[in-house]
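Below is one structure, written out as structure tokens, with a few remarks after it.
Number of protein chains: 2
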Amino acid sequence: MAEFLIIGADAAGLSAALQIKRKRSAAEVKVVAKGRIISYGACGIPYVLSGEIASPDKLVNFTSKGFQEKTGIVVETGREAVGLDPERREVEVKDLDSGVIRHEPYGRLLIATGAEPKRLPFLDHSLEGVFNLHTVEDLNRIMAFIAAKEPRRAAVIGAGNIGLELAESLSRRGLAYSLVDVLDSPIATWPVFSQKAVLAKIKDKGVDFRPGTAIASIEKRGEEFILHAEKEDLRADIIFSVTGTKPSTGFCGGKLETLPNGAILTDSRARTSVPDIFAAGDCAAVLHRVLGRPAYIPLGSTANKVGRLAGMNMVGAEVEFPGVVGTQIFKFFDLSLARTGLGLEEALQAGFQAEAVSSRANDRSGYYPGAAQVEVEIVFDRPSGRLLGAAAASRVNAAQFIDPAAMAVSAGLTVRDLAWFDAAYAPPYAPVWNALVSAAFQAARF
Amino acid sequence: MAEFLIIGADAAGLSAALQIKRKRSAAEVKVVAKGRIISYGACGIPYVLSGEIASPDKLVNFTSKGFQEKTGIVVETGREAVGLDPERREVEVKDLDSGVIRHEPYGRLLIATGAEPKRLPFLDHSLEGVFNLHTVEDLNRIMAFIAAKEPRRAAVIGAGNIGLELAESLSRRGLAYSLVDVLDSPIATWPVFSQKAVLAKIKDKGVDFRPGTAIASIEKRGEEFILHAEKEDLRADIIFSVTGTKPSTGFCGGKLETLPNGAILTDSRARTSVPDIFAAGDCAAVLHRVLGRPAYIPLGSTANKVGRLAGMNMVGAEVEFPGVVGTQIFKFFDLSLARTGLGLEEALQAGFQAEAVSSRANDRSGYYPGAAQVEVEIVFDRPSGRLLGAAAASRVNAAQFIDPAAMAVSAGLTVRDLAWFDAAYAPPYAPVWNALVSAAFQAARF
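So the sequences go chain by chain: H and V. Be aware that the first sequence starts at -3, since it is given in my numbering, and climbs by one per residue. Be aware that the second sequence starts at -3, since it is given in my numbering, and climbs by one per residue.
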């Protein structure tokens, strides 16, 4: 029996395993993982595809052998969890080579199985030339396919942030593509402010974006795909399906409390509804501090943090995770897009008397070489003045603006507090009037 | 009589004047200023000297004529305040052309006279070839001197952040120099963490830095200066005296409460100890939120904010300034140095049971092109865990790390809060483990 059994060997699983070993070096920790490649930076996949990063290997921190040698933690790959029996304290694990199912007993269990791509009902995902962009194994298959078949035209289905990162990658590779989404806007879960910035960049870059396109069926004729949509057909030699992910929790068989989408609910210590079973990472929900309820926001940063916390708590610490504020950032060509907290639409839906104010400013003194415009929007509750969220769009790294906003949202600060924010100022780095501060002045009606 | 009289036409004075006009368009606002050039970005001066910014004109937002035409606010330049009579509600103002002193009556007065360079007892500042780096007028004189005399060797006296910015500028110009300071370290008011980073860069760049050098006297022989110090003499064709500033408040004649250095004390509404007299900018003290007492931290960002607040309050608003946390940033070659709150030494002096923890991390994912190391130090109070301050040093913009820290310090957050900080993450912009978060994990003993 594994004293500590961990299912999943990426951000959350390995963070937890390392914490357990750090806190209790004699602990017997076993990690089982479905994939053959563990411990990689999945968020880097688009930049390998673009050619900016030379090889998929660069994304991988450890092989399972290397990890085991360095840490003393057993990692078994090619093993998929297929069932959970909390009564007997066992996980059913299938050896993907032999097909044999074993029962793995545990003392304490961490579910860190991550997420899996949503499947499109009109697409046979097993066809050659149809890809997700989720794992390094996906990436290797894509690179091999491109090398062998030299596709001339791609269809990217899904204009979320991964679809947009992929679009940029394909542009850099010089591979023609259409970007298709059934919804009317790209990044539909983001604030309208951010959507507008993306739409402007899509136009600027001449991306063949087809919003509001419902695909009825996809047909393969020889090597070519024909995507049948209402208005017209689209042709492609390669299809990328990037319409989001869902928690990989089917094997739990309804034995744990989850959100409707299957994301495992936990308390602030990463404990599930069943004793001695913890969950962390993209398979789990996290508390959204502004909404005050669990939300599904799968992100590598959260997976690492909650994984670490789960590891600490599995060996008896009582550390609490206060939740997230939904901070996200991504790159789309020379546009840096970031958000934190709630957008205006979300805030109104959540019952706040929300208002939004936007502001433009330089990222540094206007007279300093390279000065670039930054646009921010802040969302706040009018009666209390509480800052509920912010979004930023700029040519420079938007983290500079969204991280302090994320801190302010986390701390429950008001737009008055933000107006007097003592931000760094020097001509090469920041302007006298930070865009966040300018927006806050408007919001506070100063 | 000016309903609103403002002494000083830079960040604080003009921000206040504009606010008064915005809130009450019929208000009679008069601004008098000692300098001929108003409304300029003094912090940009080193970058004109270096050649990065083409002309001193780029730093100037408005001429006094242009400002007056645009805003309807009267600005009189070449007028120095030389006396204050609160009983009669008058300021004595000297016309620097004619030498005539006039009495300017006021309804409400804002003192925004800024700061002036400290003078060195061993240096005749009136000698040709001796310069401060404080105003655009200084800059113009320096540029003219360099063009006419083609100095081959400079002495920079003072290794504070301005001295270091100047050193970089001279390196870029290809003008040889020695950087001299009486103290043993550069940026002596900064944390030792930051000093070490500067010392390493000084070595790396081969700067002739001479710490602990007390100059006894400076002699001019022909066009050359000889700086007599204890160990050896130094020779230079041009001298820059950049040993800090003091508030320009001599004309107040002790009629207002001040710090020992002359910085005017105000309440949270920018009101001085005398009714209807306000003060803002580099002539005034501000509340340091961590120290809980007034401090002298002259910065353009604060001057703009408090100037704006003073303007609002002079027309009857009741807006309060919560104070600063001492956020600062500057550039020294390819090093970006920033700080906020207290350094370890300051925190111990202030009576906190302070500890410091440092951490290194990449600024973005290690596999993403251009990744650079960021080093941060956080200072916290051990019993409460309260974050007291932070410092950052990196090749990339350190504002990305110090601004969220500044927000956390302002909000009174703890290192536990910082450990779970929901910072932005994407390979091109930020790493999974933000350096601040890593430091906070150590500090929190997670």
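For every residue, glycine included, the Cβ atom is placed at its ideal position computed from N, Cα and C.
Cut-off 6 Å between Cβ atoms - residues of its own chain near Ala343/V, not counting five sequence neighbours on either side: Result list for Ala343/V: Ala350, Val375, Leu384, in chain order.
Val372/V (DSSP reduced to helix, strand or coil): Judged by DSSP in its simplified three-state form, Val372/V adopts strand.
Amino acids of chain V, ordered along the chain, whose beta-carbon sits closer than 7 Å to that of Trp186/H: Residues of chain V whose Cβ lies closer than 7 Å to the Cβ of Trp186/H do not exist; the shortest such Cβ separation is about 14 Å.
Burial state of Arg148/H, where buried means 16 or more other Cβ atoms lie within 10 Å: Under this definition Arg148/H is an exposed residue.
Reduced DSSP category for Gly218/H - H, G, I as helix; E, B as strand; rest coil: Of the three classes helix, strand and coil, the one that applies to Gly218/H here is coil, per DSSP.
Pick from Gly218/H, Thr254/H, Ile214/H that is closest to Phe236/H, judged by C-alpha positions: Residue nearest to Phe236/H within the set Gly218/H, Thr254/H, Ile214/H is Ile214/H (criterion: CA-CA distance).
Integer-rounded CB distance, given that Ile97/V should sit under 8 Å from Val78/V: Contact between Val78/V and Ile97/V is confirmed by a C-beta separation of about 6 Å, below the 8 Å threshold.
CB contact below 8 Å: Leu338/H versus chain V: With respect to chain V, the C-beta atom of Leu338/H has no partner C-beta closer than 8 Å.
is_contact[Glu403/H, chain V] using C-beta, thresh 8 Å: Here residue 403/H turns out to be Met, not Glu, going by the sequence shown. Yes, because at least one Cβ of chain V sits closer than 8 Å to the Cβ of Met403/H.
Segment limits, beta strand (DSSP E) that includes Gly303/H: Not the beta strand (DSSP E): Gly303/H falls in the alpha helix (DSSP H), residues 296 to 310.
Local Cβ density within 10 Å of Pro42/V, reported as buried at 16 or more and exposed below that: Only buried fits Pro42/V, as 16 or more other CB atoms lie within 10 angstroms of its CB.
Contact set for Phe247/V: own chain, Cβ-Cβ below 7 Å, skip 5 residues either direction: Excluding sequence neighbours, Phe247/V sits near Ala77, Val78, Gly79, Leu80.
Reduced DSSP secondary structure (H/G/I, E/B, other) of Ser94/H: Residue state, collapsed to three classes: coil.
Three-state secondary structure assigned by DSSP to Leu119/H: Collapsing the DSSP output to three states places Leu119/H in coil.
Meets three-Cβ-pair contact criterion under 8 Å: the region 299 to 311 of chain V and the region 29 to 43 of chain V: With contact defined as three or more Cβ pairs closer than 8 Å, the region 299 to 311 of chain V and the region 29 to 43 of chain V are not in contact.
DSSP beta-bridge partners of Lys242/H: Answer is Glu112/H.
Three-state secondary structure assigned by DSSP to Lys26/V: Lys26/V carries a strand assignment under DSSP once its states are collapsed to helix, strand and coil.
Members of the region 279 to 296 of chain V that neighbour chain H once the beta carbon cut-off is set at 7 Å: Under the 7 Å Cβ criterion, the region 279 to 296 of chain V contributes Leu295, Gly296.
Within chain V, partners of Met308/H - CB distance below 8 Å: Near Met308/H (Cβ distances below 8 Å), the residues of chain V are Phe442.
Near the ligand SAH: Ala275/H beta-carbon under 7 Å from a heavy atom: You won't find the ligand SAH in this model; it holds no ligand whatsoever.
Exposure of Glu124/H, with buried meaning 16 or more beta-carbon neighbours within 10 Å: Burial check for Glu124/H: the Cβ neighbour count within 10 Å stays below 16, so the residue is exposed.
Ala436/H at chain V interface by Cβ criterion, 8 Å: No - not a single Cβ of chain V is within 8 Å of the one on Ala436/H.
Gly362/H versus Ser297/V, Leu55/V, Leu14/V, residue with shortest Cα-Cα distance: Among Ser297/V, Leu55/V, Leu14/V, the Cα nearest to that of Gly362/H belongs to Leu55/V.
Exposed unless 16 or more other CB atoms sit within 10 angstroms - verdict on Gly366/H: It is exposed - the Cβ of Gly366/H has fewer than 16 other Cβ atoms within 10 Å.
Neighbourhood of Ser165/H by C-beta, 6 Å cutoff - its chain only, sequence neighbours within 5 removed: Cβ-Cβ distances below 6 Å link Ser165/H to Pro42, Leu45, Ser46 in the same chain, with the five nearest sequence neighbours on each side left out; the list follows chain order.
Assumed close pair Pro113/V, Thr241/V - CB separation to whole angstroms, cut-off 8 Å: Rounded, the Cβ-Cβ distance is 6 Å, consistent with contact.
Coil, strand or helix - Gly9/V by DSSP: In the three-state scheme derived from DSSP, where H, G and I count as helix and E and B as strand, Gly9/V is classed as helix.
CA nearest to the CA of Glu341/H, picked from Gly4/H, Ile325/H, Ala387/H, Asn430/H: That would be Ala387/H, whose Cα lies nearest to the Cα of Glu341/H.
Whole-angstrom C-beta distance between Ala8/H and Val71/H, which should lie under 8 Å: Contact doesn't hold; Cβ gap of about 14 Å is too wide.
Leu135/H beta carbon less than 8 Å from that of Val126/H: No, the Cβ-Cβ distance between Val126/H and Leu135/H is not below 8 Å.
Uninterrupted alpha helix (DSSP H) stretches inside the region 389 to 426 of chain V (no shorter than 4 residues): The qualifying runs are 395 to 406, 411 to 415.
Rounded separation between Leu14/H and Asp359/V - CA only: If you take the alpha carbons of Leu14/H and Asp359/V, they lie about 23 Å apart.
Buried or exposed (CB count within 10 angstroms, at least 16 for buried), Ser122/H: Within a 10 Å sphere around the beta-carbon of Ser122/H sit fewer than 16 other beta-carbons, which makes this residue exposed.
Inter-residue Cα distance where the pair is Ser297/H and Ala276/H: The alpha-carbon atoms of Ser297/H and Ala276/H are separated by roughly 12 Å.
C-beta neighbour in chain V for Gly62/H, strict 8 Å: No, no contact with chain V.
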